[in-house]
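There are 4 protein chains.
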Amino acid sequence: MNRKNQQQASPTRLSREESQARTREGLIQAATRLFAEKGYGGTSIRDIAEQSGHSQGAFYSNFHSKEELLLEMLRQHMQAEAVQLNTLVEQKQRSPAEILDDLEAWASALDQDPHWCMLSIELQLHAQRSATFAAAYQAVWLQHRDVLAQWMARLFAERQLQMPAAPQDIASTFMALAHGLALQRAATGSGASGRLMVVLLRGLMALSA
Amino acid sequence: MNRKNQQQASPTRLSREESQARTREGLIQAATRLFAEKGYGGTSIRDIAEQSGHSQGAFYSNFHSKEELLLEMLRQHMQAEAVQLNTLVEQKQRSPAEILDDLEAWASALDQDPHWCMLSIELQLHAQRSATFAAAYQAVWLQHRDVLAQWMARLFAERQLQMPAAPQDIASTFMALAHGLALQRAATGSGASGRLMVVLLRGLMALSA
Amino acid sequence: MNRKNQQQASPTRLSREESQARTREGLIQAATRLFAEKGYGGTSIRDIAEQSGHSQGAFYSNFHSKEELLLEMLRQHMQAEAVQLNTLVEQKQRSPAEILDDLEAWASALDQDPHWCMLSIELQLHAQRSATFAAAYQAVWLQHRDVLAQWMARLFAERQLQMPAAPQDIASTFMALAHGLALQRAATGSGASGRLMVVLLRGLMALSA
Amino acid sequence: MNRKNQQQASPTRLSREESQARTREGLIQAATRLFAEKGYGGTSIRDIAEQSGHSQGAFYSNFHSKEELLLEMLRQHMQAEAVQLNTLVEQKQRSPAEILDDLEAWASALDQDPHWCMLSIELQLHAQRSATFAAAYQAVWLQHRDVLAQWMARLFAERQLQMPAAPQDIASTFMALAHGLALQRAATGSGASGRLMVVLLRGLMALSA
DNA sequence: CATGAATGAGACTTCATTCAT
DNA sequence: GATGAATGAAGTCTCATTCAT
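Chains as they are written, first to last, in UniProt numbering: chain A, 1 to 209; chain B, 1 to 209; chain C, 1 to 209; chain U, 1 to 209.
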């Protein structure tokens, strides 16, 4: 596989692997955009191929099926979210005020990237309909919930407050809220801003004050 | 198959209008079930006709198109939710504790009827994709939000508390949360219960205590 | 279903059932021709639809799948062959010479209708590849073999000759021969004529003379 | 994947030509198996490549097209059958009993190798559909028929019997029978055994006894 | 109004083949 | 010579919708 050295001459020519990776990435990006806009079911492979500038066959050279592409997107989604959440969790020694700023930052990032949330909704809808996919989705979801729960638990611990419910339940409630808001924004063009999430969290902390 | 005898006007036979209304209602009910389970895009008119025991032609005798059926479902959805919310709002002179019970009842009703919420999500998704439908959806949504907002405003007023944000924003946040939770439950089979909605509301009230 | 009497007026207009039957028959005939010419696998539903002058959808209104059409053709094939063979079998009191004439007639009918035999070969090939279809095919085949075996047994009995093998084995050998000759004729354009089948049969009779 | 070391000429390594011949042979063998099982049309080049453990590219390095591979198989088929038949023909000075044993051996060899016959049927079917291929097939077929005819002629001559038809016609009839029986066996799982071919031949000889 | 066969477009997928590596 | 990603055409089948009955 180290055959690329045979041609290392022209830096403009892509090696085979690079070119393939580029095709694959182009397909994923086109699909991400289209799934967010028109939904998983409403997006055809023709659409994805056209948007990405490749043939339908190129799609099938990279993915066994439409669902496999969705799984790949789930994996990427998972990885990106994990990085994001871990950044929040691992920032030790932050003042309570800074932690709330973190949450606000997270909430408003969700606000800014509606594609992200719509995709997440598409993933959830598809999980409801495909057993195969549901299993994969569940694993990702549990992991995220727990990272977020851990982060919230520390938020309360550092303020020496009692949590008014299990940290996992609070975490999944906030995840649900983020998704619901994204849907609302998509459907109505307006809807409540994510800023209210911070207010709700403050409320929870006020309960045991 | 001896349906042509309907005209004989025997009192046990349905009149033409009754029969037609029954057909229409059967189609709507079948579609409601199917949309919730398989989504709007995933449900074909053949499916709806089969589930309801009528022909595809019967569908087109009652609705101009698939989207018109969705609009009809939106209208029914709207009306049912309005009745439900108005019941809450119009029950004057309730003690604060009773009002919270009302909210809990509302939240747990949502919990118990996942079809309801999944349909609502389908409506929102379709609103995102069809301009015609979006307009209709927006009107319904604003109305509901305002009824809920009004009810929440009274909740705070009766306790002489300040609302930590505009009542409409709080209302839409809670609607979003209800939808997000429904989606979560559908996708993961578990997810946080709606009971947490009451905790969140208490938190908001605690903020200005 | 006796609604056609409502319109019995114009004899040129086809009733619904007649029109449907005509469509179905047109599809079957187009498919029969195409399967014989290009094989089952080599014939697409697009081909069949075009040849018959209908849309692809018309095909699927009449058959669930391509294989179901093949099953229908098997049924028709079966019925036609059964009629043909029963005619031979039921002609009692024929002189031995006349019986041999019958065989010759049968063999040369096969000779004259290459479509018939090619279709039979297609059916056998498909039976080899689809378990569903194999079961249906086996039933038809056994029935035909037994009718032919019965006829041959009488041929020997009337001449008071012993059969040199089980009548069923002789019958299936002759059926195999007919198919093999059809294939040969199709492939090479020439091949041995079916007339030799009579010679072979005479040979079998000569064995116990 | 360290195949580039082949040039080191160590005696255990294959030379370039040997390696190529091995690839080619592997492809042919895989294709033979698959064509017999799933038919020419039902077998894809991907299938052949996978079965043989090579790439699709390797296929096109060895054959210009799918049909060219079939032609190559026809050539090999031809050569193998010729060897087989010549063995029979060239064994001079065999007693009449031994000659019949030879035929029985040939018939039962066909019985034992269904792949062989199914492949032959595929070749005939393809000949019917491709003019190019038909010409090649015809040549092979005529040659085989004549070898078999010659052998049969001797069978009769040695017994001083008259042939009841032209030797070529008898030969092609027996070839057709062998193919028809193979097809029957493949389709029904049972069918008459090839043993009956010997009975038929004895019958032919009995005719002029 | 109800029927359901028929339509034409478009869905997902597989194919034989090409070509840069 | 061998690789396998990419192509474009074609495959089976489903869809929302129409219309003669």
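Ideal placement from N, C-alpha and C gives every residue a C-beta, glycine not left out.
| Asked | Found |
| --- | --- |
| Just verifying my parser: in three-state terms, what is the DSSP assignment at B:Arg75? | helix |
| In three-state DSSP terms, what is C:Thr87? | helix |
| Do B:Met118 and B:Ala186 have their beta-carbon atoms positioned less than 9 Å apart in this structure? | yes |
| Cβ of B:Ile28 within 9 Å of Cβ of B:Gln84? | no |
| Between U:Pro167 and chain C, is there a C-beta pair that is closer than 9 Å? | no |
| Spatial neighbours of C:Ala107 within its chain, please: C-beta separation below 8 Å, excluding the five flanking residues on both sides. | Ala178, Gly194, Arg195, Met197, Val198 |
| Using the Cβ count rule (16 or more neighbours within 10 Å means buried), how would you classify U:Thr132? | exposed |
| Could you give the residue range of the alpha helix (DSSP H) that holds U:Val159? | The sequence shown places Arg at residue 159 of chain U, rather than the Val named in the question. Element bounds for U:Arg159: n/a, residue is neither H nor E. |
| Grouping DSSP H, G and I as helix and E and B as strand, with all else coil, what is C:Leu204? | helix |
| Helix, strand or coil for A:Arg33? Go by DSSP, reduced to three states. | helix |
| Compute the Euclidean distance between the alpha carbons of U:Lys4 and U:Asn62, then round it to the nearest angstrom. | Its pLDDT being 46, under 50, U:Lys4 is placed unreliably by the model, and the measurement read from it follows with that caveat. Those two C-alpha atoms are separated by around 19 Å. |
| Pull out every residue of the segment 189-200 of chain B whose Cβ sits closer than 7 Å to any Cβ of chain A, in chain order. | Gly191, Ala192, Leu196, Val199, Leu200 |
| Got a sec: which bits of the segment 22-44 of chain A sit with their beta carbon under 9 Å from any beta carbon on chain B, in order along the chain? | Glu37, Lys38, Gly39, Tyr40, Gly41, Gly42 |
| I'd like to know whether the C-beta of C:Ile170 is nearer than 9 Å to at least one C-beta of chain U. | yes |
| How many angstroms separate the CA atom of U:Gly57 from the CA atom of U:Ala171? | 42 Å |
| Mind pulling the chain B residues with CB within less than 7 Å of A:His179? | Gly180, Leu183 |
| Quick test of your reading: A:Ser55 and A:Ala30, contact by CB under 8 Å. State the CB separation rounded to the nearest angstrom. | Going by Cβ atoms, the distance from A:Ser55 to A:Ala30 rounds to 13 Å, so no, they are not a contact pair. |
| Anything in chain C within Cβ reach of U:Trp141, meaning under 7 Å, just list it in chain order. | Thr188 |
| C:Thr132 CB to nearest chain U CB: under 9 Å? | no |
| What is the DSSP secondary structure of A:Ser172, reduced to helix, strand or coil? | helix |
| So, are the CB atoms of C:Trp151 and C:Leu71 less than 9 Å apart? | no |
| Does chain B have any CB closer than 9 Å to the CB of A:Ile121? | yes |
| Might you give, ordered along the chain, the residues of its own chain that have their beta carbon closer than 7 Å to the beta carbon of A:Ala136, omitting 5 neighbours on each side? | Leu71, Leu74 |
| Using the three-state DSSP reduction, which class does U:Asp111 fall into: helix, strand or coil? | helix |
| Given a threshold of 16 other Cβ atoms within 10 Å of its Cβ, counted over all protein chains shown, does U:His64 qualify as buried or as exposed? | exposed |
| Would you please verify whether the beta carbon of B:Met152 is less than 9 Å from any beta carbon of chain A? | no |
| Grouping DSSP H, G and I as helix and E and B as strand, with all else coil, what is U:Tyr60? | helix |
| What distance in whole Å lies between the Cβ atoms of C:Gly189 and C:Leu181, which are believed to be in contact at a cut-off of 8 Å? | Contact doesn't hold; Cβ gap of about 13 Å is too wide. |
| Measuring CB to CB, does A:Pro167 end up less than 9 Å from A:Ala176? | no |
| Closer than 8 Å, Cβ to Cβ, to anything on chain B: give me those residues from the segment 63-83 of chain A, in chain order. | none |
| Which residues in the same chain as A:Pro11 place their Cβ atom closer than 8 Å to its Cβ, once the five residues preceding and following it in sequence are excluded? | Residue confidence is low: A:Pro11 scores 47 on pLDDT, short of 50, so the model does not pin down where it sits. No coordinate-derived value is stated. |
| Could you check the C-alpha separation between B:Leu161 and A:Leu100 for me, to the nearest Å? | 24 Å |
| Please list the terminal residues of the continuous alpha helix (DSSP H) segment that includes B:Arg46. | 45-52 |
| Buried or exposed: where does A:Ser19 fall if 16 or more other Cβ atoms within 10 Å of its Cβ makes it buried? | exposed |
| I need the straight-line Cα distance from B:Thr43 to A:Thr43, nearest angstrom please. | 15 Å |
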